[in-house]
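Student: Submitted below is the structure of interest, expressed as structure tokens.
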Amino acid sequence: MYRIFLLFTLCFAKEEYWENLKLDRVSENELKAEFRFGASRENLKNERDFEVFPRILDELIEEYDVKYLLVIMGQGRWKDDKWGRKTQPGAVHGAQVYADFEANSEEGADKKLRFLIEALNGILCTSLSQISLITSPQLEIFKRPKYSTSQQIFRRYGILSRETTCTENLTRLRKLLACRQSGISILLHPSKLYDVLYHASHLIVKKNEKISEMEVGITAVFKNKNPIQGSNWLLSSIFESKLSSSCGIATKSQIEANNQIYDVKNLETSFDIEITSKPISNEAKLVKGWTSQGGSDQQNGILHISLQNGDLDSKLEVSQILPYFVQPRYAKISFKNCQITRKALQTSKNEKSSALLQYEIIIKSGEKCEITIPFDKKILRLDDYPPDANHGMHIPAAVIFVSQKSDSYTIHTNPILVALPVPDFSMPFNVICFVATAFALIFGPLQLYSTMWLAPSPPRSTFWRKINRLILLILIVLCLYAHFMEINLNEVRRGIEQYLEKLNELR
């Protein structure tokens, strides 16, 4: 009865929810799992009831006029030769944010962006406040929808390479799902999804005049820790759980494995799958990209971006973000075997903003292209260094949007760790100690003599002082005399007592 009521409510509110799990063997002892959860909702003016679509995301896109939002978090290195094409949208090690939203001006867009990033930190439990977002990249970075609006669309993109993904991020993503304890989502065990060779998660939010859409995706590559030749994978062994219940409000709930589609929408008993399919054939050569670093001193460096094309002619749109702590030498950027058809350079606006280099390259099948970017390392202010300054700072990975006749996709290179000139952090402590010591030696006497109050001392009577001194002197002489004459002190004491008694009688 409850399911019937929920279905009736969904029909009235015009919301949909779907879930999908795709399992593929990428090698003999490695398996790739792709989770996809989606929700959509029609944009009705007077309808504010939410059953499937997360209310918090609807409020987010309404408050900041978001048209398209993409947040990706990744950990690990994707092996193109072994696993084939990277799952889209492609994730790089760290975090990525891409946003399209409406605003009246650049200042208004920057203000909305700051609040949007802080809101994402609260929703996804991330620390994206330090991300440097680039204004209006001119070339394509990801596949994105087209818009029909009278207002101006502002685009922002940024990468934070040192951001790490953790189990708390997975918990927050699960809270956005309509079915959290049933359906395919019960397989989202953090202990299994983070004990993998590669892990990536993303959140996509789209909005147009008619509908709002949301997608949560999680990709993981598992490794068989006890490999046996010809052994198969069980769904229950991968996630330590069987699929025991279905999501009653899902319009579609499917598992793709063994080149088949299993419908688990109306599941009534425990469900398990044995993955017996052969590993995916990766005979077709794909476009590859990697980044390396040159230079041996603490002042200069060289960034090498290498691009290797596959079997098909491709158009590559390369986007490289250079953080504020490196300053590129634009006049000395060189290309080798690259046919540049378009380029867009965006320099740093201030000391804390990043630069963006974008190149559109036509590369034929089997060819290799190299981009060399010399740069100077900046000497930062003391408070600009991170706590582990000697570890270095990251240059984000280059983003490569590949366009071919039949398809288009995004790949990434690897981030680069740059060793910056680091000052002697003990120097401020030594300076403080020296200055404080000198200040104390100089200020102490000044304070003493400037605050001391001098006043004349009134003369005191010296008669009784002399009598007291005379009595003490007589006592000392008597003691010395008694000591040398070996006089018994008890007899002296009795004599003194008798003398005092006679004085009392005289009174």
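Under this note's numbering, the first residue of the sequence shown carries the number 1, and numbering increases by one thereafter.
Beta carbons: idealized from backbone N, C-alpha and C, even for Gly.
Using the Cα positions of V216 and Y324, report the straight-line distance between them to the nearest angstrom.
Tutor: 32 Å
Student: Using DSSP with H/G/I as helix, E/B as strand and the rest coil, what is W78?
Tutor: coil
Student: Taking a contact to mean a Cβ-Cβ separation below 8 Å, would you say G76 touches H189 in this structure?
Tutor: no
Student: Taking just the CA atoms, how far does E51 sit from L243?
Tutor: 24 Å
Student: Less than 8 Å between the beta carbons of A99 and L116, yes or no?
Tutor: Yes, these two residues count as a Cβ contact at 8 Å.
Student: Return the CA-CA distance between F271 and D24, expressed in angstroms with no decimal places.
Tutor: About 18 Å.
Student: Thinking C-alpha only, which one of F37, A419, Q498 and D313 is nearest K405?
Tutor: Distance from the Cα of K405 is smallest, within the candidate group F37, A419, Q498 and D313, for D313.
Student: Name the residue from Q96, R41, P89 and V399 whose alpha carbon lies nearest to the alpha carbon of K288.
Tutor: V399
Student: Taking the alpha carbon of V92 as the point to measure from, which residue in Y157, T413 and M214 has its own alpha carbon closest?
Tutor: T413
Student: Give me the Cα-Cα distance between K285 and T165, rounded to the nearest whole angstrom.
Tutor: 30 Å
Student: Give the DSSP-derived three-state secondary structure of F222 in the structure shown.
Tutor: strand
Student: What do you get for N488, buried or exposed, if any count of 16 or more other CB atoms within 10 angstroms of its CB means buried?
Tutor: exposed
Student: Measuring straight from C-alpha to C-alpha, what distance separates F8 and E213?
Tutor: Reliability fails at F8, whose pLDDT of 47 lies under 50, so the model's placement of it is uncertain and the value that follows must be treated cautiously. So the alpha carbons of these two residues sit roughly 20 Å apart.
Student: If you count every other CB in all the chains shown that lies within 10 Å of the CB of V477, and 16 or more means buried, which is it?
Tutor: exposed
Student: In this structure, does DSSP put Q498 in helix, strand or coil?
Tutor: helix
Student: Taking buried to mean at least 16 other C-beta atoms within 10 Å of its own C-beta, is A377 buried or exposed?
Tutor: Going by the sequence as given, residue 377 is Lys instead of Ala. The residue is buried, with at least 16 neighbouring Cβ atoms inside 10 Å.
Student: Tell me, to the nearest whole angstrom, how far the beta carbon of I72 is from that of A95; I am working on the premise that it is less than 8 Å.
Tutor: Yes, they are in contact, since the Cβ atoms of I72 and A95 sit about 7 Å apart, within 8 Å.
Student: Classify W18 as buried or exposed, calling it buried when 16 or more other Cβ atoms lie within 10 Å of its own Cβ.
Tutor: buried
Student: Among E59, E209 and T347, which residue has its Cα nearest to the Cα of E42?
Tutor: E209
Student: Who are the near neighbours of N121 in its chain, counting only those whose CB is closer than 8 Å to its CB and skipping five residues on each side?
Tutor: S127, L128 and S129
Student: Per DSSP, Y409 is paired with what?
Tutor: V402
Student: Would you call the CB atoms of L57 and V97 closer than 8 Å?
Tutor: no
Student: Taking 6 Å as the limit between beta carbons, can you name the residues of its chain near A33, skipping five residues before and five after?
Tutor: Excluding residues within five positions, the ones whose Cβ falls inside 6 Å are L23 and A220.
Student: If K67 sits next to I153, beta carbons under 8 Å apart, how far is it from one beta carbon to the other, in whole angstroms?
Tutor: Right, the Cβ-Cβ distance comes to about 6 Å (below 8 Å), so this counts as a contact.
Student: Can you name the residues that DSSP bridges to A438?
Tutor: Partner(s): none; A438 has no beta bridge.
Student: Does the segment 287 to 305 come close enough to the segment 237 to 256 to have 3 or more Cβ pairs within less than 8 Å?
Tutor: no
Student: Within the same chain, show all residues whose beta-carbon is closer than 6 Å to that of R156, passing over the 5 residues directly before and after it, in chain order.
Tutor: For R156, where only same-chain residues beyond five positions count, the Cβ hits under 6 Å are A99, L113 and L133.
Student: Where do the ends of the beta strand (DSSP E) carrying F484 lie?
Tutor: Premise fails: F484 lies in the alpha helix (DSSP H), F463 to F484, not in any beta strand (DSSP E).
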